[in-house]
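Okay, so here's the structure we're looking at.
In the working numbering, the protein residues as written are 56 to 583.
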């Protein structure tokens, strides 16, 4: 039977059924539900997971088109993030007007500028407390202003060992001090502290290095380096601080052979005891050579001989005497070894150590012996600095979490004393770029210390120490201050224009040439 042909109208009606209309509605509903879910996920996810990332990048998207629905979600998130944002990763220009110092403050216009130092008080009644009699309890959080000024003072004494050091590899006196002991503080502007240098300390690193590592231009000494000095407070400063203060300042690592010594992480036993210290530090402290000009006596013997002389001299006059040992990096380690020596020979002497960025030195028995001898140690560290975490950056960090089990192990390094921890992110003047070399710089430490109040407080608004000092040998200041990097250097790199119009390297004045006689035993009284 033949099929009946349908009319064209009925064919057109079949081309538009109602099923596609329902399908379109379903897809619209699905898209609407999906968009609502996306908005809900955006609200919760961005708030909890992308808060910091979004805060730093929303302002970097000027060409992004955002509709009203998205803005309704993002604006509350920005509001929450601004409230909970702990530390600014950068320093916006509009915030610079809130800083105590701007680039204009470093332009000399001949008028009176803000003084770079704070007034000092008479601390004669509290000097023992400030030097750790009660382990600085109640003086660090918040930081007592008297303690801050004293620690900064000792830090500047240590900084002098870098400022006066001859770094020039082309100099015949490379590795020595550029000034004689009587002119050191005068040349560096440290006479304001009221101390006098009595003796220089020289050290040598007993390691074998390649010939190309050795200094070839030096005539004064090829195996010794200027390592620090001994100084003593003058009469006026002694009255202010309440006792005759004998100071020993130790320099940090500079010479290549000293870097070799720093990398020796093995522990070496002291005598027949269980006390062990890092072998490289001990080598710098105790090495000497019969055929050397400046180290026929080790650094240990030189410094102990001078300390003994000064203690005898001032005690015979009926004065109260104390010993303050300070150092940066390697110098902080040498200060602890020096404290161990001094406390052993002078049991009734009040001894305190103030170290900056010092590494670990010895094991648990070394720590306990120093505590038993009554040595008071204040360790100033910066959170971002890796050196205070050495030796044993990974191993000791893990094992120290299990002190109850590993506390008596002889081969684990232990820190000594009370810690004062600083944070580079607290200063509005420092760059946020990760620079581990800059974090270790002593001027960074002194800058952070001058502005420190407590862990929860902002940088001290009335900090007086010159901010430009940060860039003496680094590039850690924000660019908006317009302070050049590494600006501390000799004019024309040491060259001078002579009378004939030629640029020449001048010789040292005779009084500033290092002499082995300066380390021999001196029977003369201190210059007061």
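Note that the Cβ used here is the ideal one computed from N, Cα and C, for glycine as well.
The model shown is predicted, which means the values in this text are computed figures rather than measured ones.
Exposed unless 16 or more other CB atoms sit within 10 angstroms - verdict on residue i
i: residue 50; result: Given a span of 56 to 583 for the chain in the structure shown, any question on residue 50 remains unanswerable.
i: residue 305; result: buried
i: residue 476; result: exposed
i: residue 541; result: exposed
i: residue 212; result: buried
i: residue 137; result: Bear in mind that the predicted position of residue 137 carries a pLDDT of just 46, short of 50, making it too unreliable to give a figure here.
i: residue 191; result: buried
i: residue 308; result: buried
i: residue 291; result: exposed
i: residue 357; result: buried
i: residue 569; result: buried
i: residue 167; result: Note that residue 167 scores a pLDDT of 48, beneath 50, so its modelled location is shaky; the value from the coordinates is reported in the next line. Under this definition residue 167 is an exposed residue.
i: residue 527; result: buried
i: residue 189; result: exposed
i: residue 556; result: exposed
i: residue 393; result: buried
i: residue 364; result: buried
i: residue 422; result: buried
i: residue 208; result: buried
i: residue 488; result: exposed
i: residue 417; result: buried
i: residue 407; result: buried
Per-residue DSSP class, three states only, for residue i
i: residue 518; result: coil
i: residue 341; result: helix
i: residue 368; result: helix
i: residue 383; result: strand
i: residue 201; result: helix
i: residue 300; result: strand
i: residue 531; result: coil
i: residue 471; result: coil
i: residue 499; result: helix
i: residue 549; result: helix
i: residue 225; result: coil
i: residue 362; result: helix
i: residue 284; result: strand
i: residue 327; result: coil
i: residue 509; result: coil
i: residue 191; result: coil
i: residue 250; result: strand
i: residue 541; result: coil
i: residue 526; result: helix
i: residue 55; result: Residue coverage of the chain in this structure runs from 56 to 583, which leaves residue 55 outside it and unanswerable.
i: residue 349; result: coil
i: residue 444; result: helix
i: residue 491; result: helix
i: residue 564; result: coil
i: residue 413; result: coil
i: residue 569; result: coil
Sequence-distant residues of its chain with Cβ nearer than 7 Å to residue i (five each side left out)
i: residue 442; result: 384, 412, 414 and 495
i: residue 571; result: 348 and 349
i: residue 116; result: Any reading at residue 116 needs caution, since the residue's pLDDT is 39, under 50, leaving its predicted position unreliable; the model's value is listed next. Around residue 116: no qualifying Cβ.
i: residue 563; result: 228
i: residue 559; result: 550, 551 and 553
i: residue 249; result: 288, 289, 291 and 292
i: residue 510; result: 196
i: residue 387; result: 410, 411, 412 and 413
i: residue 508; result: 197, 198 and 515
Cutoff 8 Å; reference residue i; Cβ partners in own chain excluding five residues on either side
i: residue 246; result: 240
i: residue 195; result: 202, 473 and 475
i: residue 104; result: Residue confidence for residue 104 is low, a pLDDT of 45 falling below 50, so the modelled location carries little weight; the figure read from the coordinates is stated next. If we look at residue 104 and ignore the five residues flanking it on each side, it has no Cβ neighbours.
i: residue 343; result: 259, 350, 351, 352, 353 and 356
i: residue 324; result: 330 and 331
i: residue 420; result: 328, 329, 330, 331 and 465
Residues near residue i by beta carbon distance below 6 Å, same chain, minus five either side
i: residue 486; result: 531 and 533
i: residue 218; result: 243
i: residue 230; result: 280
i: residue 566; result: 235
Query raised in the report: Any chance the region 497–513 sits against the region 432–442, with 3 or more Cβ pairs inside 8 Å?
Result: yes
Query - Stretch-stretch touch, CB-based, cutoff 8 Å, three pairs: the region 328–339 with the region 360–378 - result: no
Query - Stretch pair the region 196–204 + the region 528–537: three plus CB contacts closer than 8 Å - result: no
Query raised in the report: So, do the region 234–250 and the region 320–328 have three or more beta carbon pairs nearer to each other than 8 Å?
Result: no
Query raised in the report: Can we say the region 423–434 touches the region 396–406, given the rule of at least three CB pairs closer than 8 Å?
Result: yes
**Report entry** Residue ranges of each alpha helix (DSSP H) within the region 416–442, 4 or longer
**Finding:** 419–428
Query - Inter-stretch contact (C-beta, 8 Å, three-pair minimum) for the region 179–190 and the region 294–301 - result: yes
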